[in-house]
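Colleague: Numbering (the numbering used here), first residue to last: 244 to 744.
Every residue, glycine too, gets a C-beta built ideally from N, C-alpha and C.
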C-alpha cells in the first residue's frame, strides 16, 4: 500500500493528522463506507468484473465489519486512513487474492467523495427533522395565541398592536424559506461521484448509474473531475444553515428581551434556567443565550469552508478532505444543538398574556387607528390627521398620561386649534377605538393580524409543513428502497441464487 514510500508515516503526521482523522472517520463514516463498498461489489458482479465466489466472501466480510463497528478495526496510521484500515480487515478475513479485488475500478478519491455526500445527507436529514419539529411547535403556539394581544416594535419602540400569533407566523414564513434552501441544496448534494476513479474514470466496463441507484442517489456528478473535486454542495448547505441561524437568532433575541423583568412577556421553564451564585432572586434564561451564541458560529463555519476552498486546484487534494469537511460536521452538529435547545425552550415557555395586552393598551401603539378614523370620518388628509394625533400623544407623554386618558375634549381642542371640524364622538367610542384588541380586529388586509387572517396563515403554513414533511418522507423512503435493493442483491450473491437486479 505504501510501496512507493520507504518509511512509515512520521510520528508528527500520525499524531496531528492521520490518527485524529482516522478516529473521527471511523465513527462518522464506517457504515456509509461499508455500504459504498457493498454497492461497488454488487456492481462488479453484475458487470462480470468479479466472480460470485469472491464477491460472496467480500460481502460476508463487509457484513461482519458493519456488525462489529469501529471496535472491529485495529486502527493503525501505518495504513494512513479509514479505507486502508478497512481493506486490511477485509484481506485478513478473505485473503489477499480476494480482499485485494474489492478496489477494482475505483479510487479512494471517488470513494471518499461518495461517502462525504452520504454523510452530509445523513446530517441534513437529521437537521430537517428537528427544524420541522420546531416549525410544528411554532404553529401550535400561533394557533393557541390568536387572541393574545401584544405590542409590535420598530426601532425597539412601541409601534402597533398585533397578536402573538401574527408575530409567530411571521417567523414561520421565514422558516419556510429556510427549508426551501435546505431542500434545494439536496438536489445538488444527492448525486453520486462513485466510479470516477482518481479523476480520469476507468477503462473497466462499470455501471455508474447502477451504483448510484444502489446508494439512493438521484443521479451522477457526471464529469469525472467534477465528481472528485466538487465540494460546493457543502458551501450551499452551510449557507442555508447560516441564513436559518440568522432568522433563529433574531427570534431568540426578541424572546430574550421579552423575558426581562421590565417586559415580563415570556418566561422559560425552571428546568431550562440557571440561578446566580450571589443573587438569590435570579432566574436566568440561559438557553436563549446559548442559542444566540451558537447561531453566530454558522457564519464563521461558512467563512471557514469558503476560505478552505480558496486557492486550491479544481481536482483532488487533501484540502477538500478532512480539514474542509471537519468544519461542515461541526456546523451540522452546532445547528442541530440550536434546534434541539430551541424546541425544548418553546415547549416549556409560558406567556404573560394579561401583561402583554395591558402594556399594548398603555404605550400609545394604538393611536395610528385614531388617525385613520379621522381620515375616514372627517375626510382629513392623513398627514393632517397624523399631526393632530401626534400632538395629542406628545402632550400626554409630557404630562405622564397614558393613552387611556385621551379624551374627546382633548381631540377636539387639537382639531379646533388647527381650524378643523370637531368630532361628535362619545367617550366610549374613543376608548374602544384606542383599545388594542379592537385595533387588531380591524386589521383585515392580507397577512394582517386579525384573527381570521391569522387562521388563514396558520392553515397555509400547516399545509406547507405537511408538504415538506412528505418530501422528507419520500427522500428517506427512496434511501430505504435502495437499502432493500442492496440487501436483496447481497443475499443473492451469498446464497448464489438468482440474478442481481
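1. What residues in its chain sit with their C-beta under 6 Å from that of residue 321, if we drop five residues either side in the sequence?
2. Count the CB pairs spanning the region 577-594 and the region 277-294 that are closer than 8 Å, and state whether there are at least three.
3. Going by C-alpha distance, which of 323, 277, 528 is nearest residue 303?
4. Just checking, does the region 473-486 make contact with the region 531-546 on the three C-beta pairs under 8 Å criterion?
5. From what residue to what residue does the beta strand (DSSP E) around residue 405 run?
6. For the region 244-303, list the alpha helix (DSSP H) runs that are entirely contained and at least 4 residues long, ordered along the chain.
7. Give a yes or no on whether 8 Å exceeds the smallest Cβ distance from residue 693 to chain C.
8. Given a cut-off of 8 Å on the beta-carbon distance, is the pair residue 406 and residue 389 in contact?
9. From the DSSP output, in three-state form, read off residue 611 for me.
10. Can you look up residue 527 in the DSSP assignment and give me helix, strand or coil?
11. Closest to residue 410 by C-alpha separation, out of 562, 620, 696, 720, would be which residue?
12. Taking residue 392 as part of the beta strand (DSSP E), name the residues at either end of that continuous run.
13. Along the chain, which unbroken stretches of the beta strand (DSSP E) at least 3 residues long are found entirely within the region 560-585?
14. Contact check, residue 488 vs residue 541 under 8 Å by CB: the rounded distance?
15. Would residue 551 pass as a contact of residue 573 if the rule is Cβ separation under 8 Å?
16. In angstroms, rounded to a whole number, what distance separates the CA positions of residue 507 and residue 664?
17. I'd like to check one pair, residue 635 with residue 667: are the Cβ atoms closer than 8 Å?
18. What separation, rounded to the nearest whole angstrom, lies between the Cα atoms of residue 418 and residue 446?
19. When we look at the beta-carbon of residue 650 and count the other beta-carbons within 10 Å, is it buried (16 or more) or exposed?
20. Per DSSP, which residues does residue 435 bridge with? Please list them.
21. For residue 593, does the three-state DSSP call read helix, strand or coil?
22. Keeping to the same chain, check which residues put their C-beta closer than 8 Å to that of residue 380; ignore five residues upstream and five downstream.
23. Do the CB positions of residue 604 and residue 679 come within less than 8 Å of each other?
24. Starting from residue 322, trace the alpha helix (DSSP H) in both directions and tell me its first and last residue.
25. Would you check if the region 606-618 and the region 676-691 touch, i.e. whether three or more CB-CB distances between them fall below 8 Å?
26. When DSSP labels each residue in this structure, what does residue 209 get in the three-state scheme?
27. Among all the DSSP beta bridges, which residues are the ones paired with residue 517?
28. Tell me the DSSP secondary structure of residue 509 in three-state form.
29. Considering residue 661, what are the terminal residues of the alpha helix (DSSP H) in which it resides?
30. If you reduce the DSSP assignment to three classes, tell me which class residue 705 lands in.
31. The alpha helix (DSSP H) that contains residue 633, what's its start and end?
32. Please report the Cβ distance between residue 298 and residue 736, rounded to the nearest whole angstrom; I am assuming they are in contact, meaning their Cβ atoms lie under 8 Å.
33. Considering only the beta carbon of each residue, do residue 449 and residue 286 sit closer than 8 Å?
34. Determine the DSSP secondary structure at residue 317, reduced to helix, strand or coil.
35. Which whole-angstrom value is the C-beta distance of residue 326 and residue 354, which I expect to be below 8 Å?
36. With DSSP run on the structure shown, which of helix, strand or coil describes residue 599?
Modeller: So, to answer that:
1. 251
2. no
3. 277
4. yes
5. 400-406
6. 262-271, 273-289
7. As a matter of chain content, chain C is missing from the structure shown, which is built from one protein chain.
8. yes
9. helix
10. strand
11. 696
12. 392-397
13. none
14. 4 Å
15. no
16. 42 Å
17. no
18. 47 Å
19. exposed
20. 463
21. strand
22. 586, 589, 590
23. yes
24. Per DSSP, residue 322 belongs to no alpha helix (DSSP H) and is neither H nor E.
25. yes
26. The requested residue 209 is not part of the displayed model; the chain covers only 244 to 744.
27. 527
28. strand
29. No alpha helix (DSSP H) contains residue 661, which DSSP labels as neither H nor E.
30. helix
31. 625-641
32. 5 Å
33. yes
34. coil
35. 6 Å
36. helix
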